[in-house]
Amino acid sequence: MGGTAYWAKQIKRADGRSPKEGATWRIDRLRGLLKDTDPAVADRVWKEVNDTLQRTTDRHSKRGSAYWTNEIKQADKRSSKEGASKRLDRLRGVLQRVDPVVANRAWREVSDTLQQITVRHTR
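Just remember that the working numbering sits 104 ahead of the position in the sequence shown, which is counted from 1.
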């Protein structure tokens with residue numbers, strides 16, 4: 105089985121288990137695809153991912169946390185990829201505290217956006 109078929113199958117399985125797991129698999133897929141890409145292109149893609157994760161977090165979070173703000177700022181200074189990982193961690197925490205139906209909808213939105221970003225940058 106080729107790499108593309110493997111990822112498609114695994115992501116489909118993960119989506120069947122939960123929207124959160126599907127989004128996590130899509131992030132992992134994007135990490136693998138961007139590993140061998142030009143750093144400027146990869147940075148641009150990770151900034152897009154950051155925007156998506158940040159918008160979703162802001163939409164479902166009632167207030168900011170100084171801890172997470174500092175963690176994300178420090179991660180962004182190191183790299184956009186690391187910033188995306190911290191934002192994903194923050195989103196996981198935020199969506200644990202909302203209604204499961206709302207959380208699943210948010211994870212599906214994130215998954216859909218990540219899939220669009222992946223498709224757009226792998227052509």
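Every residue gets a Cβ at the ideal spot worked out from N, C-alpha and C, and that includes glycine.
Do you know offhand how far residue i's Cα is from residue j's?
| i | j | result |
| --- | --- | --- |
| residue 130 | residue 149 | 13 Å |
| residue 226 | residue 127 | 17 Å |
| residue 204 | residue 112 | 26 Å |
| residue 174 | residue 189 | 14 Å |
Relative to the alpha-carbon of residue i, which residue among the options has its alpha-carbon at the smallest distance?
| i | options | result |
| --- | --- | --- |
| residue 222 | 122, 138, 114, 200 | 138 |
| residue 210 | 189, 122, 146 | 122 |
| residue 145 | 165, 172, 204, 184 | 184 |
| residue 197 | 213, 166, 180 | 166 |
Roughly how far, in whole angstroms, is the beta-carbon of residue i from the beta-carbon of residue j, given that I think they are within contact range, below 8 Å?
| i | j | result |
| --- | --- | --- |
| residue 199 | residue 156 | About 14 Å; that fails the 8 Å criterion. |
| residue 194 | residue 161 | 6 Å |
I'd like the span of the alpha helix (DSSP H) that includes residue i, first residue to last.
| i | result |
| --- | --- |
| residue 194 | 184-200 |
| residue 215 | 204-225 |
| residue 124 | 123-138 |
| residue 161 | 143-164 |
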